[in-house]
Structures are given as structure tokens and as C-alpha cells.
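K.L.:
Numbering (full-length UniProt numbering), first residue to last: 1 to 213.
1. Using the three-state DSSP reduction, which class does residue 13 fall into: helix, strand or coil?
2. Smallest Cα separation from residue 146: which of 24, 90 and 47?
3. Would you kindly work out how many angstroms separate the C-alpha atoms of residue 137 and residue 94, rounded to a whole number?
4. On the premise that residue 40 lies in contact with residue 60, defined as a C-beta separation below 8 Å, what is that separation, rounded to the nearest angstrom?
5. What residue range does the alpha helix (DSSP H) around residue 110 cover?
6. Using alpha carbons as the reference points, say which of 82, 15 and 97 lies closest to residue 130.
7. Should residue 89 be counted as a contact of the ligand GDP given a C-beta to heavy atom distance under 7 Å?
8. Are at least three pairs of beta-carbons, each pair with one atom in the stretch 45–55 and one in the stretch 10–18, less than 8 Å apart?
9. Among residues of its own chain, excluding the 5 on either side of residue 56, which ones have a beta-carbon nearer than 6 Å to its beta-carbon?
10. Check residue 7 in the structure and name its three-state DSSP category.
11. Using the rule of at least 16 other Cβ atoms within 10 Å of the residue's Cβ for burial, across every protein chain shown, is residue 143 buried or exposed?
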């Protein structure tokens, strides 16, 4: 019997600035979001972010991007709409900083070969960001989603890619997997930490394949 989702989140739309997306070094936790968010905030001072629409419902998040004249994307025509759907069970945590809402998403990206990404969005006000955060929190704290993430964490602990004492398995500001595989890390300690992050990615990728099968 298919599991019926509880309609505990009112369908809402938010017109926000997309600050960026980057590989996360952890499954959930503000300590993995904040360093990346700080990078996005600094980048925003130099490069103006583009706007997107976030549609939130009990099923998850739909990201809608309207391609403008000053955005050059391969195989996409101007004024086209790009839509991405993020299933509700793929959001592992959310963090609000003033009018910015950030979250970690558990989705495999074939380009980066990474199953974990931090996304950040700037809202039009702190009040709007608070409403968005509350809606995402309702989704994240559903018992079935909490159980699924807890089970994943326990599997990662058993595989040795998460520290069982505090569930912290990576340092802040680690290089992305692309730079790790290019041999830019230095020192045996750094290599060990990078290997742990890579092992985490590989384990989570395998878990996602089981979920999607």
C-alpha cells in the first residue's frame, strides 16, 4: 500500500533570490550550512543573484526559474521555464539567518557526483523567511522523515563515515569533491578527512539508489 502524505503544509509560493548551491560535507546540521552560506553572502556582493520561485507543498519543493535575456544556459531558450521538483523526504535540515533561508538537500547530482547540497535563498523580508522556515520545518520533522534520516545516520556510523560521539564527520570549508579528486589536499590528516567525506558521499549515493529502486 502506498504511503499517503499528510497535507500539513499549505501550498505557498515565494519569489526569492537564489544565492547558490554547493556540496555539503554533512548530512544535516547548521555547522555544515553556515560556512557555505558565508561564501554565498560574500559572492552576492560581487555577482547579483537571479530570482526564482519556490513553490512549497506537502509533497516537497518545486523550483521554477524563468530564463531572462542576461542568463546564458545551454539548450535553453530565452523566457523558458526550468522546473525542478525536490521530494519532501530529501530536505534534511533548514537554517534561517535574517532574511536568508538555507537547507541541505539529499539529492544525487550526476555532474558533481555528490548526493548532498546546500541551497540558500534570500527572501524579501525576515518575516517571509520565517514563514518559509516554519513550513520546511514541518516537512523535516515528520516522523517518517526523522526516522529515515536517523536510520541513514546510523548506517553511516556503522560504516565508519560518521563519528558516533557527535555525528560530525567533516571540517568546515573542506574543498569540494572535484578538488579532492584533483589532489589539491595536503597532509595525511586532511587526506583522511577528505576520504571520510568521499566515503560518506558514496554511502549516501548507494542509499539513494535503494530508495529510488
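C-beta: ideal position from N, C-alpha, C; glycine also.
P.N.:
In brief:
1. Stepping through the chain shown from its first residue, residue 13 is reached at position 13. Residue 13 falls in the strand class under three-state DSSP.
2. Position 146 of the chain shown, counted from the start, is the residue given in the question as residue 146. Minimum Cα distance to residue 146 is reached at 90.
3. Reading the chain shown from its first residue, position 137 is the one you call residue 137. Reading the chain shown from its first residue, position 94 is the one you call residue 94. Taking the straight line joining both Cα atoms gives about 7 Å.
4. Along the chain shown, one-based indexing puts residue 60 at 60. Along the chain shown, one-based indexing puts residue 40 at 40. 22 Å between Cβ atoms; not a contact.
5. Locating residue 110 in the chain shown gives position 110, counting from the first residue. Note, residue 110: premise wrong, no alpha helix (DSSP H); not H, not E.
6. As a first step, residue 130 must be located in the chain shown, where it is residue number 130. Answer by Cα proximity: 97.
7. This structure does not include the ligand GDP; it has no bound ligands of any sort.
8. yes
9. Numbered from 1 along the chain shown, position 56 holds the residue referred to as residue 56. Answer for residue 56: 12 and 135, listed in chain order.
10. For the purposes of this step, residue 7 is taken as the residue at position 7 of the chain shown. Residue 7 falls in the coil class under three-state DSSP.
11. Counting from one through the chain shown, the residue named residue 143 turns up at place 143. So residue 143 counts as exposed.
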